[in-house]
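*Asks:*
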Amino acid sequence: MVYMNLITSISFPTAFKMASAELFEDPFDPDEYVERLAWRTHGGGTKGGAQGFNPQQLHDEFVAHIAELRSLDSRIQRKVERLETTLQREARAHADKVTDLQKSNQMAFTHFQSLEDRINYVATKVVHLGDQLEGVNTPRAHAAEALKLMKYFDEFLTGKFTSEVFKNQYKVREAADIVHKLHLIAQELPYDRFAAVKGRIVSKYHSIEQELLSEFTEAHKNNDIAKMKDLALTLSHFKGYQYCIDAFIDESISNAFYNRNEIFTEITTLCAKVYKVILEVFAAPEQVMGKLVTRIYQYKLSDHVNSKLKEHRNTDPEKYLQHLYQLYGKTVELATPLSQYKLGSDSNFLNKITKNIFKTYLDSYITVEESFLKEKAMLISQRFYDSKNHTKKQLHSGIQDLKAVITDKTSIRFGISSSSDQNTGETYLSQELAINLLQETKMGFRRCKTLSSVSDLPGNACRIFHLLLDYLCKQHIEYAIDLGLLAIPSSDPKNEPNIYFLDVVQQTNTIFHLFEKQFSDTLLPLVSSSPSYSDCLQKKKKVRETMEVQLDTGIEKCLQSAIGWMRQILRSTQRKSDFTTDLPPQQQYTNACQNVCKYFKKVIEAIRTSLDGNNVEAVLKELGRHFHRLIYEHLQQYSFTSTGGMMAICDVNEYRICALQLKISFVSSLFEVLHSLCNLLVVAPENLKQVCSGDQLANLDRTVLHTFVQLRSDYKSARLAKNFA
-16 MVYMNLITSI
-6 SFPTAFKMAS
4 AELFEDPFDP
14 DEYVERLAWR
24 THGGGTKGGA
34 QGFNPQQLHD
44 EFVAHIAELR
54 SLDSRIQRKV
64 ERLETTLQRE
74 ARAHADKVTD
84 LQKSNQMAFT
94 HFQSLEDRIN
104 YVATKVVHLG
114 DQLEGVNTPR
124 AHAAEALKLM
134 KYFDEFLTGK
144 FTSEVFKNQY
154 KVREAADIVH
164 KLHLIAQELP
174 YDRFAAVKGR
184 IVSKYHSIEQ
194 ELLSEFTEAH
204 KNNDIAKMKD
214 LALTLSHFKG
224 YQYCIDAFID
234 ESISNAFYNR
244 NEIFTEITTL
254 CAKVYKVILE
264 VFAAPEQVMG
274 KLVTRIYQYK
284 LSDHVNSKLK
294 EHRNTDPEKY
304 LQHLYQLYGK
314 TVELATPLSQ
324 YKLGSDSNFL
334 NKITKNIFKT
344 YLDSYITVEE
354 SFLKEKAMLI
364 SQRFYDSKNH
374 TKKQLHSGIQ
384 DLKAVITDKT
394 SIRFGISSSS
404 DQNTGETYLS
414 QELAINLLQE
424 TKMGFRRCKT
434 LSSVSDLPGN
444 ACRIFHLLLD
454 YLCKQHIEYA
464 IDLGLLAIPS
474 SDPKNEPNIY
484 FLDVVQQTNT
494 IFHLFEKQFS
504 DTLLPLVSSS
514 PSYSDCLQKK
524 KKVRETMEVQ
534 LDTGIEKCLQ
544 SAIGWMRQIL
554 RSTQRKSDFT
564 TDLPPQQQYT
574 NACQNVCKYF
584 KKVIEAIRTS
594 LDGNNVEAVL
604 KELGRHFHRL
614 IYEHLQQYSF
624 TSTGGMMAIC
634 DVNEYRICAL
644 QLKISFVSSL
654 FEVLHSLCNL
664 LVVAPENLKQ
674 VCSGDQLANL
684 DRTVLHTFVQ
694 LRSDYKSARL
704 AKNFA
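Numbering (my numbering), first residue to last: -16 to 708.
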């Protein structure tokens, strides 16, 4: 109580603002609220800096604000109590109102139930009365109808038509109903007694039927839908109703097709237009629409297809196949917009009539395709060889093979390298020819996919693939490889060899990659789920392996020829005096070494240009191995003085630098060892044993070391053999 009096006695600072309920609206942060209050207060530590902090003034401000908050809480509490009192009063009034409404609703429901029972009672009486009236009226109606038919029958019996219905042409539909019923009755009468009257009824039946058909046709021409519907309903009881449908279809088709080249568009347009009429006129629109589509396919579309295909079938197979592919593809696509008309219960309806139209052409398709592609491939190939002025040769005879073997193993020549074909460097491989063949077969595969049945597709695709395999891989690529093999110079050439077979390797690789791409992209999807899949893979694998063997053989022969030419350079330009002189060297390396290195670099460049991938490394490694063997055997032919040994070291160092261009560590290590061996030619005799035990030579066979030491001119005089005893 003392504390409360203290609060009330404190006056509020001028910076203080009265607290209100709005300050506590969500979201409310008490820490932030206190900080804000302290910030606004003089002496709270912010205004005036640290020196302006006045704890007593801040305390007074907080005490005053607490008193204001208590006052605010009292006002809010009184307001809450008033609102709760008002709410309770309104709740009681609302509950009383709901109770009154429930009583009114219960009373209304009771009255409604009573009314429903009364209605059911009356309805039962009405139905019973209706049944009684119908039981009395039906026999009377039948009797009246029978009486009318008997009167009309009497007119046919006498042959005198007095009724207005038979005289008035505008009452033909009423007459049709009567005659139809009389026609059914007449069929039950014995012929011998009622032949005349039956004849008159039948005659009138056909006469009215024909008249109705004429009216229907006229109404169709005038686009009188209501009259057409009425007449179609009347004719549906006659035998000639089918003629009504036929007349409608014939009239719809007669003037619908004008542009021969737009027949598929015109078909969809006509069907969309006629279907709206069919829905309004005929009771069974699906049946009529199915017959309309059948008539269009069997007459208009079939005539168009036959005229288009027969025009080129025997004169231009390429155009014939193009037209067949386009026409069949468009006809199959036509089924999509037409299927929306629900043409019957058979889901394969359109597919069947399409097959009927194209059956003759589809049955013979693959034969025509195969014949055309074969002729086209021969034409493309012949055009290429004619442009090169080349006549294809028979390369695989036994005599040719024997000549090639003899030429390779001996110095005997049979003129293999003298022909103009083999000296010009012509590879007889053409990317243009390959692309043309691949493009033609690609179109063939596309036609095959569309025109072949599901069961025939893999087999037909294989037949096209075999053609491509034969004309591109065997007759073009393998033939060019065989020509290139025959043109490779011998392993002991007298002139610098033209190893253009490496160009054959490069072009073969490029063309075969194109072939494999089409094989994967185009052929495999057509045969992937059939036994033909493995067959095609095996055939391609076999052809690839055959080519690889031939190319490996050719590359090996090229390397042998190149090494043979380097051997010839060494044989003709290397002098014994290069290694036996005691005069100081006049140049860094011998002329023979210079010429060999120059040609060796040329061969490396040719290999890098012609090959790719791992093949480059493999061939260069083989070249380096042969090159090392050549230099090693070449050095074994000479005797070396100390000065000559230095020249040999210079030559081998130059060979080693050339070998480094191969970028093959194995070959580089061979020449490193050879360079170390050459040091044995110049080392002082007393140091020879120590050098032989060095890191480079320690692991070599001592026979090899001894052989190299024997090449020294002082071998005997310095008694060097004792180092290997």
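Each residue gets a CB set at the ideal place from its N, CA and C atoms; glycine is no exception.
Does DSSP put ARG558 in a helix, a strand or coil?
*Replies:* Of the three classes helix, strand and coil, the one that applies to ARG558 here is coil, per DSSP.
*Asks:* CB-CB under 7 Å to GLU301, same chain, minus the five flanking residues each way: which ones, in chain order?
*Replies:* PHE355.
*Asks:* Starting from the C-beta of PHE332, find all residues in its chain whose C-beta is less than 6 Å away, skip the five residues before and the five after it, and write them out in chain order.
*Replies:* Here the set comprises LEU326.
*Asks:* Throw me the rounded Cβ distance for the GLY467 and GLY547 pair, which I believe falls under 8 Å.
*Replies:* Contact doesn't hold; Cβ gap of about 18 Å is too wide.
*Asks:* Using a Cβ-Cβ cut-off of 7 Å (strictly less than) and excluding sequence neighbours within five positions of ALA631, which residues of its own chain qualify?
*Replies:* Same-chain partners within the cutoff: PHE562, LEU618, PHE623, CYS661, LEU664.
*Asks:* Do you know offhand how far LEU23's Cα is from ALA47's?
*Replies:* Before going on, a small fix: residue 23 reads as Arg here, not Leu. Answer to the nearest angstrom: the Cα atoms are 14 Å apart.
*Asks:* Cβ of CYS445 within 8 Å of Cβ of SER515?
*Replies:* The answer is yes: Cβ separation under 8 Å.
*Asks:* Go through its chain and collect everything with a Cβ distance to THR337's Cβ below 6 Å, but skip five positions before and after it.
*Replies:* Counting only Cβ-Cβ distances below 6 Å, and skipping sequence neighbours, we find THR314.
*Asks:* So for PHE623, helix, strand or coil by DSSP?
*Replies:* Three-state result, PHE623: strand.
*Asks:* By how many angstroms is the C-alpha of LEU506 removed from the C-alpha of LEU416?
*Replies:* Taking the straight line from one Cα to the other gives about 20 Å.
*Asks:* I'd like the span of the alpha helix (DSSP H) that includes CYS456, first residue to last.
*Replies:* CYS456 -> no alpha helix (DSSP H), and no H or E assigned at all.
*Asks:* Helix, strand or coil for TYR(-14), going by three-state DSSP, please let me know.
*Replies:* Since pLDDT at TYR(-14) reaches only 34, below the 50 mark, its modelled position is unreliable, and no value is offered.
*Asks:* Could you give the distance in angstroms between the alpha-carbon of VAL437 and the alpha-carbon of ILE447?
*Replies:* Whole-angstrom Cα-Cα distance: 16 Å.
*Asks:* Taking only runs that begin and end inside the stretch 212 to 293, name each unbroken alpha helix (DSSP H) of 4 or more residues, in chain order.
*Replies:* If we require 4 residues or more, the alpha helix (DSSP H) runs fully inside the stretch 212 to 293 come out as 224 to 237, 246 to 264, 268 to 278, 285 to 293.
*Asks:* Pairs of beta-carbons, one from the stretch 516 to 529 and one from the stretch 586 to 593, closer than 8 Å: are there three or more?
*Replies:* Contact fails: fewer than three Cβ-Cβ distances are below 8 Å.
*Asks:* What does DSSP give as the partner residues of ARG695 in its beta bridges?
*Replies:* ARG695 is bridged to PHE623.
*Asks:* Apart from the five residues on each side of it in sequence, which residues of its chain come closer than 6 Å, Cβ to Cβ, to ARG366?
*Replies:* Closer than 6 Å at Cβ, skipping near neighbours: no residue.
*Asks:* How long is the line joining the alpha carbons of SER322 and ILE236, rounded to whole angstroms?
*Replies:* So the alpha carbons of these two residues sit roughly 19 Å apart.
*Asks:* Are TYR282 and LEU307 touching if we call contact CB-CB under 8 Å?
*Replies:* No, the Cβ-Cβ distance between TYR282 and LEU307 is not below 8 Å.
*Asks:* Taking only three categories from DSSP, how would you classify GLY381?
*Replies:* No answer about GLY381 holds up, because its pLDDT of 43 lies below 50 and its placement is not dependable.
*Asks:* Which same chain residues, not among the five before or five after ASP79, have their C-beta less than 8 Å away from its C-beta?
*Replies:* Once the five neighbours on either side are set aside, ASP79 has no close Cβ partner at all.
*Asks:* Using the Cα positions of ARG65 and HIS77, report the straight-line distance between them to the nearest angstrom.
*Replies:* Their backbone Cα atoms lie some 19 Å apart in a straight line.
*Asks:* I'd like to know whether the C-beta atoms of ASP465 and SER593 end up nearer to each other than 8 Å.
*Replies:* No; because the gap between Cβ atoms is not below 8 Å, this pair is not in contact.
*Asks:* Could you give the DSSP three-state label for GLU479: helix, strand or coil?
*Replies:* GLU479: coil per DSSP, three-state reduction.
*Asks:* Ignore the nearest five residues each way along the sequence and tell me which others in SER659's own chain have a CB closer than 8 Å to its CB.
*Replies:* These residues qualify, in order along the chain: GLY677, GLN679, LEU680.
*Asks:* What does the alpha-carbon distance come out to for the pair GLN688 and ALA470?
*Replies:* Going by the sequence as given, residue 688 is Leu instead of Gln. Cα to Cα, LEU688 sits roughly 41 Å from ALA470.
*Asks:* If contacts are defined as beta-carbon pairs under 8 Å, then LYS274 and ILE232 qualify, I think. What distance do you get, rounded to the angstrom?
*Replies:* Going by Cβ atoms, the distance from LYS274 to ILE232 rounds to 6 Å, so yes, they are a contact pair.
*Asks:* Could you tell me the boundaries of the alpha helix (DSSP H) in which PHE367 lies?
*Replies:* Counting along the chain, the alpha helix (DSSP H) containing PHE367 begins and ends at 348 to 370.
*Asks:* Give me the Cα-Cα distance between ASP439 and SER474, rounded to the nearest whole angstrom.
*Replies:* Each residue's Cα considered, the two are about 53 Å apart.
*Asks:* Can you give the Cα-Cα distance for ILE395 and LYS477, rounded to whole angstroms?
*Replies:* Low per-residue confidence applies at ILE395: pLDDT is 46, beneath 50, and the placement is therefore not dependable, though the value from the model is reported in the following sentence. In a straight line, the C-alpha of ILE395 is about 13 Å away from that of LYS477.
*Asks:* With distances taken Cα to Cα, identify the nearest neighbour of ASN492 among PHE36, LEU534, GLN458.
*Replies:* Comparing Cα positions, the closest option is LEU534.
*Asks:* Nearest by alpha-carbon distance to PHE691: which of LEU653, GLY628, GLU234, ARG296 is it?
*Replies:* Selected option, being the one with the closest Cα: GLY628.
*Asks:* To which residues of the same chain is MET361 closer than 7 Å at the C-beta, ignoring the five residues directly before and after it?
*Replies:* No residues qualify anywhere along the chain.
*Asks:* Residue range of the alpha helix (DSSP H) that HIS306 falls in?
*Replies:* Taken as a continuous stretch (DSSP letters only), the alpha helix (DSSP H) holding HIS306 covers 300 to 321.
*Asks:* Using a 10 Å radius around the Cβ and a threshold of 16 neighbouring Cβ atoms, would you call GLU44 buried or exposed?
*Replies:* GLU44 comes out buried.
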